[in-house]
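Beneath this line is the structure, given in structure tokens, with notes to follow.
Numbering (the UniProt record's numbering), first residue to last: 1 to 332.
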């Protein structure tokens with residue numbers, strides 16, 4: 001990679017970004033790097049790299065409960081980005097999160113001679129479990145929310161919650177009720193914060209959030225509870241799967257969506273456009289989060305030790321509103 005960078009007249013980080021498909025590289029720079037790659041016949045070969053540099057080309061990943069859509073898609077994004085840059089992954093998936101479990105997972109990965117760690121950290125307990133870990137290898141937290149001592153790649157969860165709520169308020173709804181995710185998840189905290197901020201800015205009443213567990217059944221249960229409340233005209237659900245359950249409960253209660261109640265979800269899972277009605281939602285770019293996490297880690301691995309910043313990097317991916325049929329202006 002260094003030879004490619006030298007011939008193209010760019011940094012090794014720029015070569016890495018071109019190889020990784022980073023969108024923010026100028027076209028002429030991409031062309032120079034690609035020309036250098038072709039001229040040198042460069043192929044990313046982690047075995048050869050390990051022989052020359054004594055580096056293994058293996059990144060350790062600590063993941064949590066990949067039965068949930070978000071963590072599963074984030075892991076997929078990390079894997080794709082790592083492979084594009086010539087790295088292999090060694091993955092440990094935790095079913096329960098404690099400080100000891102995180103420590104044991106990282107110890108196990110260290111025995112696999114990983115060069116660094118990416119920790120998918122959807123819960124505060126994961127971030128807390130990273131505190132005091134040995135600093136012999138770099139660590140990046142993905143979806144780590146506020147992790148002040150670590151580099152973080154994440155989606156702007158608060159911004160996404162704000163977008164969802166602001167969309168409903170802009171439709172003329174007096175307030176927005178919220179089915180939240182579990183209260184120990186950082187994503188849930190961020191979305192609640194964005195929801196509260198939008199309501200406060202509008203001077204709207206702030207109902208108590210009702211907590212689900214990310215799964216459709218909990219959305220159904222809470223949706224049935226809200227269906228009989230005449231004050232509910234707009235509902236922000238913290239993920240699309242709970243929104244699916246809420247839509248069914250509202251429909252069974254004779255509540256029409258969006259005529260009687262507007263519903264917006266979060267995640268933009270592939271099925272959401274086929275819900276009845278098609279679900280307005282907030283999209284997260286999981287592939288981009290994974291790519292940025294890998295980019296942060298590789299920058300740390302390839303940067304001189306003395307260049308380590310006292311202020312860890314934070315790479316935030318914006319959320320995006322996807323308007324479909326499940327939201328509409330409030331009834332007069």
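Just so you know, even glycine gets a beta-carbon here, dropped at the ideal spot from N, CA and C.
Burial is judged here by how many other beta carbons sit within 10 angstroms of a residue's own beta carbon; residue 272 has at least 16 and is buried.
Beta bridge pairing from DSSP links residue 177 with 235. In the DSSP assignment, residue 320 forms a beta bridge with 283.
A Cβ-Cβ separation of about 7 Å places residue 154 in contact with residue 142 under the 8 Å criterion. By the Cβ-count criterion, residue 151 is buried, with 16 or more other Cβ atoms from all chains shown falling within 10 Å of its own Cβ.
Contact between residue 138 and residue 1 is absent: CB atoms are separated by about 18 Å, not below the 8 Å threshold. Counting of Cβ neighbours within 10 angstroms places residue 326 among the buried residues, the total reaching 16 or more. Residue pairing by DSSP leaves residue 327 without any beta bridge partner. Within 10 angstroms of the beta-carbon of residue 295 lie 16 or more other beta-carbons, which makes it buried. Judged by DSSP in its simplified three-state form, residue 206 adopts coil rather than helix or strand. Taken atom to atom, the span from the alpha-carbon of residue 268 to that of residue 197 is near 22 Å. Residue 263 is positioned such that its CB atom lies closer than 8 Å to that of residue 235. Inclusion of residue 219 and residue 250 in the CB contact set at 8 Å is not warranted, their separation being larger than that value.
One thing to note: residue 98 has its Cβ within 8 Å of the Cβ of residue 125. As a beta-bridge residue in DSSP terms, residue 93 pairs with 63. One Cα belongs to residue 95, the other to residue 64, and the distance between them is close to 6 Å. Boundaries around residue 117 are those of the beta strand (DSSP E), 116-120, since no alpha helix (DSSP H) includes it. Just measuring C-alpha positions, the residue of 38, 58 and 82 sitting nearest residue 288 is 82. Going by beta carbons, residue 246 and residue 237 fall inside the 8 Å limit. Secondary structure of residue 214 (DSSP, three-state): coil. Residue 18 sits in a helix when the DSSP states are folded into three classes.
Distance from the Cα of residue 282 is smallest, within the candidate group 9, 168 and 320, for 320. Between residue 203 and the set 182, 195 and 128, the nearest pair of CA atoms involves 195. For residue 322, the CB contacts under 6 Å within the same chain, skipping 5 residues up- and downstream, are 268, 281 and 283 in chain order. If the five residues before and after residue 133 are omitted, its C-beta is found closer than 8 Å to the C-beta atoms of 102, 103, 106 and 139, all from its own chain and listed in chain order. In this structure the stretch 24-32 does not touch the stretch 67-76; the number of beta carbon pairs closer than 8 Å is below three.
Rounded to the nearest angstrom, the gap between the Cα atoms of residue 261 and residue 36 is 57 Å. The straight-line gap separating the alpha-carbon atoms of residue 314 and residue 255 is approximately 43 Å. Comparing alpha-carbon positions, the option among 223, 259, 242 and 230 lying closest to residue 252 turns out to be 223. Per DSSP, residue 113 has no beta-bridge partner at all.
With fewer than 16 other Cβ atoms inside 10 Å of its own Cβ, residue 11 counts as exposed. A direct Cα-Cα distance of roughly 7 Å separates residue 169 from residue 176. Around the beta carbon of residue 16, 16 or more other beta carbons sit within 10 angstroms, so the residue counts as buried.
Your pair residue 120 and residue 59 does not check out as a contact, with CB atoms roughly 12 Å apart and the cut at 8 Å.
For the pair residue 76 and residue 285, the Cα-to-Cα distance works out to about 12 Å.
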